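Peer 1: So the number in the working numbering is just where the residue sits in the sequence shown, counting from 1, plus 37.
Glycine is no exception: its CB is placed at the ideal position from the N, C-alpha and C atoms.
Keep in mind the model is a prediction, meaning the values are calculated, not measured.
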Amino acid sequence: MENRLKILLLEDDPEDVDIIQHIIQENIPGVDYYFAANKNAYLHTLSEIQPDCILADNSVTGMNAGMALATARELLPEVPFIMVTGAVPETYAIDMIKAGADDYIIKDRLQRLPAAIKAAINKYRAGIELKRNVEKLRENEEKYRTLVERVSDGFIALDKDFRYTYLNRQAGELMHKDPAELIGKKIWDVFPDTVGSETYYNFLRAMEEQVYVCSTDYYPPLDLWQENHIYPSPEGISVFTRDITEARKSAQTMRKMEKEMMHQQIQEQKKIARAIIHAQEQERNRIGQELHDNVNQILAATKMFLSSAAKSDAAKEAIRYPIQLIDNSIEEIRSLSSRQVTPLMNIPLKEMIEELIDKMKVSAKLTAVLDYNDHKDQMDDDLKLNVYRIIQEQVNNIVKYAAAKNVLISIRTEKDGTHILISDDGRGFDTTKKRKGIGISNMMNRVEAFNGSIKIDSAPGMGCRVRFAIPATECIKSL
38 MENRLKILLL
48 EDDPEDVDII
58 QHIIQENIPG
68 VDYYFAANKN
78 AYLHTLSEIQ
88 PDCILADNSV
98 TGMNAGMALA
108 TARELLPEVP
118 FIMVTGAVPE
128 TYAIDMIKAG
138 ADDYIIKDRL
148 QRLPAAIKAA
158 INKYRAGIEL
168 KRNVEKLREN
178 EEKYRTLVER
188 VSDGFIALDK
198 DFRYTYLNRQ
208 AGELMHKDPA
218 ELIGKKIWDV
228 FPDTVGSETY
238 YNFLRAMEEQ
248 VYVCSTDYYP
258 PLDLWQENHI
268 YPSPEGISVF
278 TRDITEARKS
288 AQTMRKMEKE
298 MMHQQIQEQK
308 KIARAIIHAQ
318 EQERNRIGQE
328 LHDNVNQILA
338 ATKMFLSSAA
348 KSDAAKEAIR
358 YPIQLIDNSI
368 EEIRSLSSRQ
378 VTPLMNIPLK
388 EMIEELIDKM
398 KVSAKLTAVL
408 DYNDHKDQMD
418 DDLKLNVYRI
428 IQEQVNNIVK
438 YAAAKNVLIS
448 IRTEKDGTHI
458 LISDDGRGFD
468 TTKKRKGIGI
478 SNMMNRVEAF
488 NGSIKIDSAP
498 GMGCRVRFAI
508 PATECIKSL
C-alpha cells in the first residue's frame, strides 16, 4: 500500500494493544496508530481523524462493540470496522456481521488480523472507486443525454438486433412518433416499408462491416429527405439524422428554374437562328433574282450584239463558240437562280419535292421515289421552306458526290411530328471524319432551329441515310 494507513484501535488493555500493534507492524508497514480506551476518547478521535480502519474490542469503558459499530456507521459509513475480542458467543459475532461489521477476530487468533485488515480496506476502496465510477458514469450519461437532446439532428441508438435503445426528441419529431413508445421495438417492425431500401442496406452494412456510413435518401410516406450518419459498435449502431428536405426541395426548385432559363435561352437562340435563316433566304432570293433579271439580260444582250455584228460567214463562224458559251452561261445562271429563289409558299411541299426529284432524274439519271403521307399539309411556310431546303441540300450532295443509282425520299406525319428520310445507295462516307463542306452543318442548324433532331447513318460503300424529325408542336400552321 503506497499511502500510510491510519488505524483506530478501541482497546482498554495495554498488553493487548502492544500485541495487536506488533502483529500489524510485522505484516503491514507504514501504519499510523490512534488509540481510544473509552467512549469519550473514541468519539473524540472519530471526529478528529478519518481512519482507514477501526479495530474495536467487544467492551470498553462506557461502550461495547455494537455501540462503537453503530457510531462508526453513522459518522464514517465507508470505513472498515473489525471486531477484535476475546471469546464471545458465535451468535453475537454473527449479529455484529449482520449489523455491518466487516470481520471479527478472536484475540487468540491474531495472526489472521493483518490479512483481514488488508481485505477490508481493499473492499472499501474498491467500493468507493466503484461508486465514484458509477457517479461519473451517471454524470457523463446525463451530460450525453443533455447534449443529444440539444443537438438539432435526430439521434437514435439501436442494439445489434436493430431494436431502439434510445431516441431524442428531434428523432421523434422527424418520425412523427413518441420516442418512449419505440424503446425495445425493432426499427423494421416500426417502419416495415423501409426493408430493402437504401437506408436498410446502409444500416446493415454499418453493423456487419463495422464501418462508418453516410447516406442520403428519401422516405416518401413522410416526404422526408434525410442525411444519415451511421456509427457502428459491437453493441449496435448510433445514427444522427439530419432533415435536409427543405435544402433538397430548394435545390430542386433552383435546378428547375435553371433548366427553364436554359430552355428559354435555347428557344431564344433558335428564334435568332430562324431569323438568320429567314434573312439568308431573302438574300438568296435577291441574288437569284439579280442573276436571272440582270446578269442573264446582260448576257442575252451580248449574244444579240455579237450575232448582229457578224456579217460574213467567217465572222459568224468565229463567234459561234463564244455564243455557245454565252448560251451555256445563261442556262447555268437560270439553274442557279432557280435553286436560290425561294419557292412559292402557296405550292404544297409535295409538289415542291416532286419538282426537285424531276430535276434530279434529268440531271443525274438516277431512280428517285417519293413516299409522302402528309395529307393535311399542316406545316407553316417557314418550316415548309426549311424542310425543302434540307431535302434540297441532301439531294445536291447525292448528285455531286454519291454516284447513287436509287434515292428514296420519305415524308410521313405521325402524332409526335413529321419524320423525313432521305436514303441513297451511293458510295457513302465515314461519318467520323471531319467534313470539308458546310452542307451537313446547314442541315443540322435548320433542324435544330425548329427543335428537331437529325441522324446521319453512312459508311464507305453502304450508301447514306439522313433521318430528321420535327416535333408536332412545330408542325402546326400558325393561325
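Taking all protein chains shown into account, do 16 or more other C-beta atoms lie within 10 angstroms of the C-beta of serine 515, making it buried, or fewer, making it exposed?
Peer 2: For the purposes of this step, residue 515 is taken as the residue at position 478 of the sequence shown. Reliability fails at serine 515, whose pLDDT of 40 lies under 50, so the model's placement of it is uncertain and the value that follows must be treated cautiously. So serine 515 counts as exposed.
Peer 1: Roughly how many angstroms separate the alpha carbons of serine 96 and arginine 169, rounded to a whole number?
Peer 2: The residue labelled residue 96 in the question sits at position 59 within the sequence shown. The residue labelled residue 169 in the question sits at position 132 within the sequence shown. The straight-line gap from Cα to Cα measures roughly 35 Å.
Peer 1: Note down the Cα distance separating valine 185 from aspartate 280, rounded to an integer number of angstroms.
Peer 2: Here the question's residue 185 lines up with position 148 in the sequence shown. Here the question's residue 280 lines up with position 243 in the sequence shown. Low confidence applies here, because valine 185 scores a pLDDT of 48, under 50, leaving its location unreliable; read the following figure in that light. Approximately 16 Å, taken between the alpha carbons.
Peer 1: Identify every residue that forms a DSSP beta bridge with proline 271.
Peer 2: Numbered from its first residue, the sequence shown carries residue 271 at position 234. According to DSSP, which records beta bridges pairwise, proline 271 is partnered with nothing at all.
Peer 1: CA-CA distance, asparagine 77 and threonine 98?
Peer 2: Position 40 of the sequence shown, counted from the first residue, corresponds to residue 77. Position 61 of the sequence shown, counted from the first residue, corresponds to residue 98. About 9 Å.
Peer 1: Can you tell me whether proline 88 is buried or exposed? The criterion is at least 16 other CB atoms within 10 Å of its CB, across all chains shown.
Peer 2: In the sequence shown, residue 88 corresponds to position 51, counting from 1. It counts as buried.
Peer 1: Assign aspartate 140 to buried or exposed, taking buried as 16 or more other Cβ atoms, counted over all protein chains shown, within 10 Å of its Cβ.
Peer 2: Taking the sequence shown and counting its residues from 1, the one referred to as residue 140 is at position 103. The residue is buried, with at least 16 neighbouring Cβ atoms inside 10 Å.
Peer 1: Apart from the five residues on each side of it in sequence, which residues of its chain come closer than 7 Å, Cβ to Cβ, to alanine 509?
Peer 2: Looking up residue 509 in the sequence shown gives position 472. Result list for alanine 509: Lys452, Asp453 and Gly454, in chain order.
Peer 1: Give the list of continuous alpha helix (DSSP H) stretches no shorter than 4 residues that lie fully inside the region 448-483.
Peer 2: none
Peer 1: Taking 8 Å as the threshold, find out whether the region 243-260 comes into contact with the region 272-288 through three or more Cβ pairs.
Peer 2: The region 243-260 vs the region 272-288: in contact.
Peer 1: For the region 52-69 against the region 126-137, do three or more pairs of beta-carbon atoms, one drawn from each stretch, fall closer than 8 Å, so that the two count as touching?
Peer 2: no
Peer 1: Measuring CA to CA, which of Leu83, Ile86, Glu111 and Glu48 is closest to threonine 122?
Peer 2: Counting from one through the sequence shown, the residue named residue 122 turns up at place 85. Comparing Cα-Cα distances from threonine 122 to each of Leu83, Ile86, Glu111 and Glu48, the minimum goes to Glu48.
Peer 1: Just how far apart, CA to CA, sit leucine 45 and tyrosine 70?
Peer 2: Within the sequence shown, the letter at position 8 stands for residue 45. Within the sequence shown, the letter at position 33 stands for residue 70. Distance between the alpha carbons of leucine 45 and tyrosine 70: 6 Å.
Peer 1: Using 10 angstroms around the beta-carbon of methionine 397, count the other beta-carbons present and answer buried if the total reaches 16, otherwise exposed.
Peer 2: Position 360 of the sequence shown, counted from the first residue, corresponds to residue 397. The residue is buried, with at least 16 neighbouring Cβ atoms inside 10 Å.
Peer 1: By how many angstroms is the C-alpha of aspartate 467 removed from the C-alpha of isoleucine 394?
Peer 2: Counted from its first residue, the sequence shown places residue 394 at position 357. Counted from its first residue, the sequence shown places residue 467 at position 430. Cα to Cα, the separation comes out at about 26 Å.
Peer 1: Please classify glutamate 430 as buried or exposed, where buried requires at least 16 other C-beta atoms within 10 Å of its C-beta.
Peer 2: The sequence position of residue 430 within the sequence shown is 393, counting from 1. Answer is buried; the Cβ neighbour count reaches 16.
Peer 1: Taking the alpha helix (DSSP H) that leucine 42 belongs to, which residues open and close that run?
Peer 2: As a position in the sequence shown, residue 42 is number 5, starting the count at 1. Where leucine 42 is concerned, there is no enclosing alpha helix (DSSP H), although the beta strand (DSSP E) it sits in stretches over 42-47.
Peer 1: Report the option in Ala163, Leu80 and Pro126 whose CA atom is closest to the CA atom of proline 117.
Peer 2: The residue labelled residue 117 in the question sits at position 80 within the sequence shown. Measuring from the Cα of proline 117, the nearest candidate turns out to be Ala163.
Peer 1: Suppose you measure from the CA of tyrosine 238 to the CA of glutamine 207; what does that come to, to the nearest Å?
Peer 2: Position 201 of the sequence shown, counting from 1, holds the residue named residue 238. Position 170 of the sequence shown, counting from 1, holds the residue named residue 207. Those two C-alpha atoms are separated by around 23 Å.
Peer 1: Within this structure, are the beta carbons of phenylalanine 199 and isoleucine 224 separated by less than 8 Å?
Peer 2: Position 162 of the sequence shown, counting from 1, holds the residue named residue 199. Position 187 of the sequence shown, counting from 1, holds the residue named residue 224. Going by C-beta atoms, phenylalanine 199 is nearer than 8 Å to isoleucine 224.
Peer 1: Secondary structure at glycine 221, three-state DSSP: helix, strand or coil?
Peer 2: Stepping through the sequence shown from its first residue, residue 221 is reached at position 184. Note: glycine 221 maps to coil in three-state DSSP.
Peer 1: Within 10 angstroms of the Cβ of alanine 351, are there 16 or more other Cβ atoms? Answer buried if so, exposed if not.
Peer 2: As a working mapping, residue 351 is identified with position 314 in the sequence shown. Exposed, by the Cβ-count rule.
Peer 1: How about glycine 465 and glycine 489: are their beta carbons less than 8 Å apart?
Peer 2: Here residue 465 corresponds to residue number 428 of the sequence shown, with the count starting at 1. Here residue 489 corresponds to residue number 452 of the sequence shown, with the count starting at 1. The answer is no: Cβ separation not under 8 Å.
Peer 1: So valine 444 packs on isoleucine 435, CB below 8 Å; how close in whole Å?
Peer 2: Within the sequence shown, the letter at position 407 stands for residue 444. Within the sequence shown, the letter at position 398 stands for residue 435. With 8 Å as the limit, valine 444 and isoleucine 435 qualify as a contact, their Cβ atoms being about 6 Å apart.
Peer 1: What first and last residue would you give for the beta strand (DSSP E) that runs through serine 252?
Peer 2: In the sequence shown, residue 252 corresponds to position 215, counting from 1. 250-256 is the span of the beta strand (DSSP E), which, as asked, contains serine 252.
Peer 1: According to DSSP, simplified to helix, strand and coil, what is glutamate 264?
Peer 2: Position 227 of the sequence shown, counted from the start, is the residue given in the question as residue 264. Reduced to three states, the DSSP call for glutamate 264 is strand.
Peer 1: Return the residue from the list Arg472, Gly500, Asn479 and Leu386 that minimises the CA-CA distance to isoleucine 518.
Peer 2: Because residue 518 is not part of the residues shown, which for the chain are 38 to 516, the question remains open.
Peer 1: So, for arginine 483: in the same chain, excluding its five sequence neighbours on each side, which residues have a beta-carbon less than 7 Å away from its beta-carbon?
Peer 2: Position 446 of the sequence shown, counted from the first residue, corresponds to residue 483. Ile314, Asn423, Arg426 and Ile427.
Peer 1: Would a C-beta distance cut-off of 8 Å place leucine 407 and glutamate 391 closer than the cut-off?
Peer 2: Taking the sequence shown and counting its residues from 1, one reaches residue 407 at position 370. Taking the sequence shown and counting its residues from 1, one reaches residue 391 at position 354. Yes, these two residues count as a Cβ contact at 8 Å.
Peer 1: Rounded C-beta distance between leucine 83 and leucine 113? I'm assuming under 8 Å.
Peer 2: If you number the sequence shown from 1, residue 83 lands on position 46. If you number the sequence shown from 1, residue 113 lands on position 76. With 8 Å as the limit, leucine 83 and leucine 113 qualify as a contact, their Cβ atoms being about 7 Å apart.
Peer 1: By Cβ distance, which residues of its chain are closer than 8 Å to leucine 147, with the 5 residues on each side in sequence left out?
Peer 2: Against the sequence shown, residue 147 aligns to sequence position 110. Same-chain partners within the cutoff: Ile56, Ile57, Ile60 and Val121.
Peer 1: So, under 8 Å CB-CB, alanine 124 and isoleucine 143 are touching, yes? Tell me the CB distance rounded to an integer number of Å.
Peer 2: Within the sequence shown, residue 124 is the residue found at index 87, counting from 1. Within the sequence shown, residue 143 is the residue found at index 106, counting from 1. Between the beta-carbon of alanine 124 and that of isoleucine 143 there is about 7 Å, and that keeps the pair under the 8 Å contact cut.
Peer 1: Along the chain, where does the alpha helix (DSSP H) that runs through valine 424 open and close?
Peer 2: Locating residue 424 in the sequence shown gives position 387, where the first residue counts as 1. Looking at the DSSP string, the run of the alpha helix (DSSP H) that includes valine 424 is 418-434.
Peer 1: Give me the Cα-Cα distance between alanine 440 and methionine 298, rounded to the nearest whole angstrom.
Peer 2: The residue you call residue 440 lines up with position 403 of the sequence shown. The residue you call residue 298 lines up with position 261 of the sequence shown. Approximately 46 Å between the Cα atoms of the pair.
Peer 1: Can you tell me the Cα-Cα spacing of alanine 107 and serine 270, whole angstroms?
Peer 2: Reading the sequence shown from its first residue, position 70 is the one you call residue 107. Reading the sequence shown from its first residue, position 233 is the one you call residue 270. So the two alpha carbons sit approximately 48 Å from each other.
Peer 1: Compute the Euclidean distance between the alpha carbons of lysine 442 and arginine 504, then round it to the nearest angstrom.
Peer 2: For the purposes of this step, residue 442 is identified with residue 405 of the sequence shown, where counting begins at 1. For the purposes of this step, residue 504 is identified with residue 467 of the sequence shown, where counting begins at 1. Cα to Cα, the separation comes out at about 19 Å.
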